[in-house]
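Residue numbers (full-length UniProt numbering), protein chains in the order written: chain A, 1 to 362; chain B, 1 to 362.
A quick write-up on the structure given underneath.
There are 2 protein chains.
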Amino acid sequence: MSRADTEATTPCTTMSCTTEAERAALHHALDLAAAPGVPAGPNPRVGCVLLAPDGRILGEGRHRGAGTAHAEVDALRSATGPVRGATALVTLEPCDHHGRTGPCTQALRDAGIARVVVARRDPNPVAAGGLDTLREAGIDVAVSEDPQLTARAEELLRGWEHGLVHHRPLVTAKLALTLDGRAAAADGTSRWITGPAARAEVHDLRECCDAVLVGTGTARLDAPQLTARHEDGTLRARQPLRVVMGEGEAPALPTLPGAGEALRLRTRDPEAALEDLFDRGIRHVLVEGGPTLAAAFLTAGLVDELIVHLAPSLLGAGPAGIGDLGITTITDRLDLELRDLRPLPTPDGPTDLRLLLQPRTR
Amino acid sequence: MSRADTEATTPCTTMSCTTEAERAALHHALDLAAAPGVPAGPNPRVGCVLLAPDGRILGEGRHRGAGTAHAEVDALRSATGPVRGATALVTLEPCDHHGRTGPCTQALRDAGIARVVVARRDPNPVAAGGLDTLREAGIDVAVSEDPQLTARAEELLRGWEHGLVHHRPLVTAKLALTLDGRAAAADGTSRWITGPAARAEVHDLRECCDAVLVGTGTARLDAPQLTARHEDGTLRARQPLRVVMGEGEAPALPTLPGAGEALRLRTRDPEAALEDLFDRGIRHVLVEGGPTLAAAFLTAGLVDELIVHLAPSLLGAGPAGIGDLGITTITDRLDLELRDLRPLPTPDGPTDLRLLLQPRTR
């Protein structure tokens with residue numbers, strides 16, 4: 001077991017606590033990392049803020065993708081005055097290895113940084129160990145234990161971390177269902193099963209994922225744009241890759257200025273599709289449907305989380321929200337673990353439910 | 001407008017507060033009214049406790065059905081010593097009319113009762129006005145404002161009160177569904193879609209309703225007992241009338257010692273069935289299924305509340321949990337108001353959800 005492995009699971013008892021100013025600066029660093037200019041994909045999204053002992057911000061930076069400066073170096077370069085004695089707030093533990101750029105630990109030491117506070121340890125064994133190196137160099141180090149900061153950092157990095165461990169993209173599947181499991185009425189109409197709050201979340205999901213995936217059936221029937229839009233219909237700054245997969249015929253996705261690139265994958269095999277997307281740098285995929293595609297990913301055991309928007313309505317007829325799973329008897333049912341449950345109230349309308357679930361047997 | 005109507009909606013500002021001993025005695029009176037010996041049906045379930053000024057219980061009573069003594073008179077008769085100056089705690093406002101028995105207000109006055117505390121006003125205009133009569137006779141009166149007592153009294157009396165207003169039984173429908181709206185797997189197996197907590201609630205519902213209703217399809221396929229059972233399988237003390245309705249063929253319900261009477265209604269019309277049951281004294285019906293019967297009641301607008309036990313499982317195929325509602329397009333969907341939502345955790349198993357809903361347009 002390498003030293004990095006040991007450190008990753010052992011609490012650092014020598015670490016100090018963080019101040020309120022540091023936590024505020026870490027939130028700012030997370031904002032920098034989450035901004036649209038920071039590409040998703042195979043590199044972690046990282047932000048960095050340099051704080052003077054009196055609380056002034058001396059510099060800020062972010063990592064803009066493979067081959068560009070890491071966030072720490074970007075922040076050091078942005079500083080217009082001296083940074084000796086400053087504190088660096090970084091969303092991810094500084095790297096300690098020679099990749100396409102030099103180790104950030106060295107850059108921070110060279111600049112005379114006195115203290116480094118991170119929101120998340122680096123789970124990548126190749127790059128980890130940065131905090132130990134810094135501490136051994138006499139720099140004060142801390143990992144924030146603020147639950148809100150931890151959650152934000154985890155959320156921002158989870159596609160990248162999933163890729164490190166599983167060598168395939170993280171898969172979120174989303175379904176909109178009536179209480180009786182219908183995706184549409186008998187005549188095929190489905191707008192809208194769910195209310196505005198549920199539909200807004202779909203655009204949030206599209207914005208935070210690297211790619212949105214639909215089957216050829218959905219491409220044919222719904223002619224979706226697959227863009228992340230604001231409530232007023234305008235495009236958001238970050239847009240996912242738009243993917244239609246399957247062997248059936250399907251129209252090309254509309255070409256829209258500001259929309260993500262469109263991709264056609266001529267396979268109905270979820271594993272093959274994910275392999276292709278992973279090779280393209282995609283780390284988080286949103287499977288939007290329809291029922292056949294969702295069923296294919298569920299059957300293949302390739303759904304990491306399922307978000308169900310459940311409308312408190314009944315249709316009694318119409319297409320099922322989930323296609324055939326190859327299940328014929330009750331004991332073979334696909335059980336899911338309910339991770340989160342909350343109502344999505346609609347003004348003057350029914351309250352949809354949002355369920356976050358994970359397949360139980362994986 | 002009669003005096004009774006005015007009183008029912010006007011707050012009684014002259015009323016005094018209740019003591020802790022009185023609230024405890026009211027809970028006891030509710031226990032008496034809810035006990036298996038008190039029949040459900042066309043008469044309200046009422047209990048009464050007589051409390052001495054020093055807190056001793058002097059007597060207790062309950063109403064055992066049409067033609068028998070009211071709870072107040074039953075309590076007065078049960079007292080072995082003098083009750084002059086005592087407080088009467090009654091779950092429902094004492095009646096003020098000459099029915100098959102004399103007015104309870106008179107009986108309480110004659111006995112020298114000094115104070116009367118009730119959990120619920122009488123919504124029946126024929127019998128109401130008891131508190132006013134008592135107050136005019138110089139007896140101190142109070143209505144408990146304790147929310148727990150109010151809720152218990154409402155729960156106990158709601159079938160009876162519904163009958164007064166709507167002249168048909170209150171209808172609770174219950175469905176057990178997977179997340180994709182299935183009532184069973186493709187081979188027809190359905191045991192068990194939901195966990196023990198959901199199944200225990202079904203027995204609670206059977207115990208508190210006057211009648212349990214299934215369609216001929218369910219009677220054929222599931223051969224249900226329709227008894228209210230404890231967890232160990234033994235019968236509970238209170239059992240509902242067991243009803244199979246529909247025009248199809250169905251086997252007779254099993255004859256079981258201790259089970260409720262079995263009834264066969266040869267109609268598929270929910271309104272006709274409810275009229276028949278109301279005439280038999282039934283005030284609260286539990287519609288247990290199957291999908292066709294539930295759909296018939298929903299389509300007829302005759303479901304007052306819908307309880308859905310939603311299992312976080314997927315089947316992808318199998319019979320739908322709700323039959324055809326005659327809905328063909330999305331804008332005609334049947335919207336429900338979500339009144340309550342709670343998880344029903346299963347040890348080492350998936351957590352079912354319990355949804356309490358009411359149809360929106362009634």
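Every residue, glycine too, gets a C-beta built ideally from N, C-alpha and C.
Identity of the residue in the options nearest residue i by Cα
{"i": "histidine 97 of chain A", "options": "A/Gly129, A/Leu336, A/Glu207 and A/Leu156", "result": "A/Gly129"}
{"i": "glutamate 136 of chain A", "options": "A/Thr351, A/Arg64, A/Ala21 and A/Val116", "result": "A/Val116"}
{"i": "aspartate 324 of chain A", "options": "B/Ala320, B/Gly316, B/Thr328 and B/Gly326", "result": "B/Gly316"}
{"i": "proline 347 of chain A", "options": "A/Thr218, A/Asp54, A/Pro196 and A/Arg354", "result": "A/Pro196"}
{"i": "valine 303 of chain B", "options": "B/Leu170, B/Ser313 and B/Leu205", "result": "B/Leu170"}
{"i": "alanine 228 of chain A", "options": "A/Glu249, A/Ala259, A/Gly246 and A/Glu247", "result": "A/Ala259"}
{"i": "cysteine 48 of chain A", "options": "A/Val73, A/Leu341 and A/Ala111", "result": "A/Val73"}
{"i": "proline 123 of chain A", "options": "A/Arg242, A/Val141 and A/Leu164", "result": "A/Leu164"}
{"i": "leucine 89 of chain B", "options": "B/Ser144, B/Leu26 and B/Val212", "result": "B/Leu26"}
{"i": "glutamate 93 of chain A", "options": "A/Leu226, A/Ala200 and A/Leu108", "result": "A/Leu108"}
{"i": "glutamate 207 of chain A", "options": "A/Leu286, A/Leu179 and A/Ala29", "result": "A/Leu286"}
{"i": "proline 312 of chain B", "options": "A/Leu314, A/Leu306 and A/Gly112", "result": "A/Leu306"}
{"i": "threonine 189 of chain B", "options": "B/Leu356, B/Gly321 and B/Arg342", "result": "B/Gly321"}
{"i": "aspartate 146 of chain B", "options": "B/Arg120, B/Leu134 and B/Leu131", "result": "B/Arg120"}
{"i": "glutamate 337 of chain B", "options": "A/Ala52, A/Thr351, A/Leu51 and A/Thr178", "result": "A/Thr351"}
C-beta neighbour in chain A for residue i, strict 8 Å
{"i": "valine 308 of chain B", "result": "yes"}
{"i": "leucine 325 of chain B", "result": "yes"}
{"i": "threonine 328 of chain B", "result": "yes"}
{"i": "arginine 283 of chain B", "result": "no"}
{"i": "aspartate 180 of chain B", "result": "yes"}
{"i": "arginine 199 of chain B", "result": "no"}
{"i": "arginine 268 of chain B", "result": "no"}
{"i": "proline 350 of chain B", "result": "yes"}
{"i": "arginine 238 of chain B", "result": "no"}
Buried versus exposed, by CB contacts within 10 Å (16 or more), residue i
{"i": "glutamate 231 of chain B", "result": "exposed"}
{"i": "arginine 3 of chain B", "result": "Because arginine 3 of chain B carries a pLDDT of 38, less than 50, the predicted location of this residue cannot be relied on, and the following value inherits that uncertainty. It is exposed - the Cβ of arginine 3 of chain B has fewer than 16 other Cβ atoms within 10 Å."}
{"i": "glutamine 239 of chain B", "result": "buried"}
{"i": "aspartate 210 of chain B", "result": "buried"}
{"i": "threonine 234 of chain A", "result": "exposed"}
{"i": "cysteine 104 of chain A", "result": "buried"}
{"i": "glycine 99 of chain B", "result": "exposed"}
{"i": "proline 270 of chain A", "result": "buried"}
{"i": "proline 257 of chain B", "result": "exposed"}
{"i": "valine 126 of chain B", "result": "exposed"}
{"i": "arginine 360 of chain B", "result": "exposed"}
{"i": "glycine 318 of chain B", "result": "buried"}
{"i": "threonine 10 of chain A", "result": "Its pLDDT being 38, under 50, threonine 10 of chain A is placed unreliably by the model, and the measurement read from it follows with that caveat. Exposed, since its Cβ has fewer than 16 Cβ neighbours within 10 Å."}
{"i": "glutamate 249 of chain B", "result": "exposed"}
Cutoff 8 Å: residue i Cβ touching any chain B Cβ
{"i": "aspartate 340 of chain A", "result": "no"}
{"i": "aspartate 187 of chain A", "result": "yes"}
{"i": "leucine 314 of chain A", "result": "yes"}
{"i": "serine 144 of chain A", "result": "no"}
{"i": "alanine 295 of chain A", "result": "yes"}
{"i": "proline 224 of chain A", "result": "no"}
{"i": "residue 370 of chain A", "result": "What is shown of chain A runs 1 to 362, which leaves residue 370 of chain A out entirely."}
{"i": "alanine 320 of chain A", "result": "yes"}
{"i": "arginine 354 of chain A", "result": "no"}
{"i": "leucine 58 of chain A", "result": "no"}
{"i": "arginine 335 of chain A", "result": "For the record, residue 335 of chain A in the displayed sequence is aspartate; it is not arginine. Chain B contact via Cβ: present."}
{"i": "leucine 357 of chain A", "result": "yes"}
{"i": "leucine 221 of chain A", "result": "no"}
Residue i in three-state terms, based on DSSP
{"i": "proline 343 of chain A", "result": "strand"}
{"i": "glycine 47 of chain B", "result": "strand"}
{"i": "alanine 142 of chain B", "result": "strand"}
{"i": "arginine 264 of chain A", "result": "strand"}
{"i": "glycine 130 of chain A", "result": "helix"}
{"i": "aspartate 324 of chain A", "result": "coil"}
{"i": "valine 165 of chain B", "result": "helix"}
{"i": "proline 147 of chain B", "result": "helix"}
{"i": "arginine 280 of chain A", "result": "coil"}
{"i": "aspartate 335 of chain B", "result": "strand"}
{"i": "proline 123 of chain A", "result": "coil"}
{"i": "proline 359 of chain B", "result": "strand"}
{"i": "aspartate 352 of chain B", "result": "strand"}
Chain E contact residues for residue i, given Cβ-Cβ distances below 9 Å
{"i": "proline 343 of chain B", "result": "Structure shown: chain E not included; protein chains present are A and B."}
Please give me, in chain order, every unbroken run of the alpha helix (DSSP H) with length at least 4 that falls completely inside the stretch 173-260 of chain A.
Taken in chain order, the complete alpha helix (DSSP H) segments of 4 or more residues contained in the stretch 173-260 of chain A are 196-208 and 216-222.
Which ranges does the beta strand (DSSP E) cover as unbroken runs of at least 3 residues, wholly within the stretch 50-120 of chain A, from first to last along the chain?
Listed in chain order, they are 57-62, 87-90 and 115-118.
Only counting runs of 4 or more residues, tell me where the alpha helix (DSSP H) segments fall wholly within the stretch 290-319 of chain A, in order along the chain.
Within the stretch 290-319 of chain A, the complete alpha helix (DSSP H) runs of at least 4 residues are 291-299.
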